[in-house]
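Protein chains in written order, with our numbering: chain A, 1438 to 1519; chain B, 1153 to 1616; chain C, 42 to 455.
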């Protein structure tokens, strides 16, 4: 799952690092480092991070559009509750 | 282009060629498709890889937290393009509307977007630059090679040039526990981009993190061992640094050579274009079918006295690509100006540095919030009584405010009270930029005067 | 005092649906009467003030007029010193950094994420208890779920014994009430109630902190009491006001998010049905809720450090500002069709958790709690329906939410 963060927009709220800590990490108080190609097992965490970003800075390929498509089709994305 | 159906034809059946398959090229292509372009789209890139993101190469990748091979950019949408990767464009025939490729192929276009970007400035001595252990850092391959070299545990890394990339490399080395020397021609790191007042803060960060920082020196030569690997560097002050990895971080060169003789207004300073991203030809006349975006462009900006700006900024590549793509498919009255306010970030020694505006235009600086000693502050640059730029160290949530100050031409010195104003922040001081006639290592903004044609090479200073 | 606007906002008659009032307010992005506060109601103006360094959160910068509708003066000068919510940098930044150290990245990156399992256990337990009552004709989702859930979470996180909950529940309510600017209440009396509550809560927490200094555990109270990082340690008073802030915020906000959430879902059965099929939909639902029904409706305590201009209105130095977050969230200039609850919105940079340096400290925890709570309630409650619409609301206009949410259902799925 490819992702990129627009670090011009990023203001270090760290919501992504809280919610998907295996993909996004804070380096110091304000700098964000991330894995540009996150493992599929973190897909749900990444979806939470994308939604929570207060500045809408995270772009994920496929993952979000798949999820959205699935949602529109009313098909569960995951196998149940977490 | 008028209401004669030409545009409609272009949108339906036209041929658009994008030279440069990196961030700007990709985002432009996506934007064109989003806007309904249904014709053929060809993406030409000299690297054999699909578009990837470069900022991680000097950060996550060197820290071993991501691999250079896994930095491909996520797509916003399908672009249904023909990809010509691993083949450089070698020439342009403006009259015939044809791009020549390195393998002899030719690709015809109705609209051309040039987004060929920049490349790392190589070590000037070719033989020394070819020694084993000497690196530059710009591409995915560069990143992978440098990371391998750092993983091997070199005795000492020498970074030549303390711009943003050089400083980030030094920071990554220290985080990996590697001994590192930084040699910078200027008086301090980042001095070309942010001036001496902030450069001094950056110098403190280097030293506090155990970097052997040498300023005001040039590297006069690299020395190899009998096996052809670098073993030492000689400095202008007579010292010798023993290092088995040397990273040359002397800024960038614009990829415009392939356009020489084409008649396009392209040269070492980039390709001049108007505010709508249309390229100028060598006569200073704007073209209507060739557009430019990203690091290779130089375009006039209303907020900065309409001087041509070259911006090596991630955000500029995205914004200019979107504008160029829109304009390529629009009637002239529907075109948009590229008015992006310059902005960039750097992450080094655990500190987040962000900036908006054009700091090198600033003559004075005020620390409006926080303290330089604590490495948490906001500073504002002034030029002719106006706010022209701002920089924050670990204080970026205030930056949108300063951006608005720049956009509205707010007065400088800053006349109001702010939270966290310290004694050091009550008066402006000289921003202390080096003499602009002396190029520094890697300023990421270059002001290049008012001439759209790039026939002369004299550097036009920012301050008159 | 002529404060028609202020009166209207806090008038209990508007509690169930303040949004038409906000719509009226937005016609004047900056409203001001007499010597009352400047009320800011439009998205872009609020957003920019939240990032404006000429705006202070410190009540000491407020120019006192004869009139102090909030009665804040008395409150702040007694009992506990102001928490970081009411401080500016550098003190705010230092205390928030220290508080964040045991809570979030970079020092505790997995803490909140790793609480998911524990949260799930609490949610399951509470719903099981509803199931065990066997009486599905009347369930109060506040008392039986939305209140006890975040309270157990904050107690566990801080290391506060849950059996003490009834005691600090009273104090938390009194302190939260003091945030509620009721011009008809006697400010001095309310200030005194709040001050008394802060004093008692302070003494209670002081005892706990003293105990954790002797016997540290792995709870946040222990970590705050024994902090020893690059920012040094907290004074006892700082540790007290910080832990009081966390305890109160943990009590008074997430409960509203969850309750407002269930109320909204019950009013939008199509969305509730989708959520039952797809728990992942809880993620965008919670973001849309934070826009549509934010648990903190307004920020009533900002002050200008300089003369500023907002939307063409000059605001003098020392003025009091009210930022109506819930109104900005419904600003049609920012959100198309703003009064529509639409979890499929793509562009949703709401003000529900604030923005800038004071943005909600517990945001990631609140998000996880609400996502889990709503998806589990949706999954397990059979045919849930509102018994009273609108439900009875709490008095508080700032921390707005139903006091009870009476529902009926046909049963509880396992």
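We put the beta carbon where it would ideally sit given N, CA and C, even for glycine.
Kindly list, in the order they appear in chain B, the residues whose Cβ is closer than 9 Å to that of residue 347 of chain C.
Within 9 Å Cβ-Cβ: 1567, 1568, 1569, 1570.
Does the beta carbon of residue 1645 of chain B come closer than 9 Å to any beta carbon on chain C?
Nothing about residue 1645 of chain B can be read from this structure; chain B reaches only from 1153 to 1616.
For residue 1501 of chain B, which residues in the same chain have their Cβ closer than 6 Å to its Cβ, ignoring the five residues on either side in sequence?
Closer than 6 Å at Cβ, skipping near neighbours: 1323, 1357, 1361.
Where does residue 1451 of chain B land, buried or exposed, given buried means 16+ other C-beta within 10 angstroms?
So residue 1451 of chain B ends up on the buried side.
Kindly indicate the opening and closing residues of the alpha helix (DSSP H) around residue 270 of chain C.
From DSSP, residue 270 of chain C is part of no alpha helix (DSSP H); its letter is neither H nor E.
Under a three-way DSSP split, which group does residue 359 of chain C fall into?
It is coil, neither helix nor strand.
Which word fits residue 118 of chain C, buried or exposed, when buried means at least 16 other C-beta atoms lie within 10 angstroms of its C-beta?
Interpretation of residue 118 of chain C is limited by its pLDDT of 44, a score under 50 that renders its predicted location unreliable; no figure is taken from the coordinates.
Note down, in chain order, all residues in the stretch 1447 to 1460 of chain A with a beta-carbon under 9 Å from any beta-carbon belonging to chain B.
Going along the stretch 1447 to 1460 of chain A in chain order, one finds 1447, 1448, 1449, 1450 with a Cβ nearer than 9 Å to chain B.
Could you name the residues of chain A that residue 1294 of chain B contacts, counting a contact when the two beta carbons are closer than 8 Å?
Under the 8 Å cutoff, chain A gives no residues; its nearest Cβ is about 16 Å from residue 1294 of chain B.
Suppose contacts are defined by Cβ-Cβ distances below 9 Å. Is residue 93 of chain C in contact with residue 1564 of chain B by that definition?
For residue 93 of chain C and residue 1564 of chain B, no; Cβs fall outside 9 Å.
Starting from residue 1497 of chain B, follow the beta strand (DSSP E) in both directions and report where the run begins and ends.
Unbroken beta strand (DSSP E) run through residue 1497 of chain B: 1495 to 1500.
Do residue 325 of chain C and residue 1457 of chain A have their CB atoms nearer than 9 Å?
Contact flag unset, no.
For residue 1271 of chain B, report the span of its beta strand (DSSP E) as first-last.
Run containing residue 1271 of chain B: 1270 to 1272, per the beta strand (DSSP E) assignment.
Would you identify the three-state DSSP class for residue 1463 of chain B, choosing helix, strand or coil?
Three-state DSSP puts residue 1463 of chain B in a strand.
Using the beta-carbon of each residue, which ones in chain B are nearer than 7 Å to residue 1497 of chain A?
1226, listed in chain order.
Mind reading off the beta-carbon distance from residue 1558 of chain B to residue 1539 of chain B? Whole number of angstroms is fine, and I expect it under 8 Å.
About 5 Å; that satisfies the 8 Å criterion.
So, for residue 354 of chain C: in the same chain, excluding its five sequence neighbours on each side, which residues have a beta-carbon less than 6 Å away from its beta-carbon?
So the list reads 71, once near-sequence residues are dropped.
For residue 1597 of chain B and residue 1510 of chain B, which I take to be in contact (beta-carbon distance under 8 Å), what is that distance rounded to the nearest angstrom?
Confirmed, Cβ separation roughly 6 Å.
Which residue comes first and which comes last in the alpha helix (DSSP H) that contains residue 199 of chain C?
Segment 189 to 199, the alpha helix (DSSP H) holding residue 199 of chain C.
Relative to chain B, which residues along the stretch 125 to 154 of chain C have a C-beta separation below 8 Å, given in chain order?
Taking 8 Å as the Cβ-Cβ cut-off against chain B, the residues of the stretch 125 to 154 of chain C that qualify are 129, 130, 131, 134.
Specify the secondary structure class of residue 1549 of chain B as computed by DSSP and reduced to three states.
Correct three-state label for residue 1549 of chain B: helix.
Let me see if you follow: with CB-CB separation under 9 Å, is residue 1223 of chain B close to chain A or not?
Yes, residue 1223 of chain B counts as interfacial toward chain A.
Quick check on the DSSP output: the beta strand (DSSP E) that includes residue 343 of chain C runs from which residue to which?
Note, residue 343 of chain C: beta strand (DSSP E), 340 to 345.
On the DSSP letters alone, give me the boundaries of the alpha helix (DSSP H) that residue 1359 of chain B sits inside.
Where residue 1359 of chain B is concerned, the enclosing alpha helix (DSSP H) stretches over 1343 to 1360.
Residue 389 of chain C: buried (16+ other C-beta within 10 angstroms of its C-beta) or exposed?
Classification for residue 389 of chain C: buried.
Does the beta carbon of residue 1339 of chain B come closer than 9 Å to any beta carbon on chain C?
By this cut-off, residue 1339 of chain B is not an interface position.
Report yes or no: is there a C-beta of chain B within less than 9 Å of the C-beta of residue 93 of chain C?
It does: the Cβ of residue 93 of chain C has a partner Cβ on chain B nearer than 9 Å.
Between residue 1553 of chain B and chain C, is the shortest Cβ-Cβ distance under 9 Å, so that the two count as touching?
At least one chain C Cβ lies under 9 Å of residue 1553 of chain B.
Tell me whether the stretch 42 to 57 of chain C and the stretch 1371 to 1383 of chain B touch, counting them as touching only if at least three CB pairs, one residue from each stretch, are closer than 8 Å.
Touching, no.
Can a CB atom of chain C be found closer than 9 Å to the CB of residue 1530 of chain B?
Closer than 9 Å to some Cβ of chain C, the Cβ of residue 1530 of chain B qualifies, so yes.
Just the C-alpha distance for residue 145 of chain C and residue 201 of chain C, rounded to the nearest angstrom, thanks.
Distance between the alpha carbons of residue 145 of chain C and residue 201 of chain C: 19 Å.
Under 8 Å Cβ-Cβ, which residues of chain F neighbour residue 1479 of chain A?
Included in the structure are the protein chains A, B and C, with no chain F among them.
At a CB distance below 8 Å, what residues from the stretch 234 to 257 of chain C approach chain B? Give them in sequence order.
Listed by position, the residues of the stretch 234 to 257 of chain C near chain B (Cβ gap below 8 Å) amount to none.
Closer than 6 Å by C-beta to residue 1550 of chain B: which residues in its own chain qualify, once you throw out the five before and the five after it? Chain order, please.
Around residue 1550 of chain B: 1530.
What does residue 1556 of chain B touch in chain C if you count any residue whose Cβ is under 8 Å from its own?
What residue 1556 of chain B touches in chain C: 89.
So residue 328 of chain C contacts chain A; which residues on that side make the cut at Cβ distance below 8 Å?
Here the neighbours are 1488, 1489.
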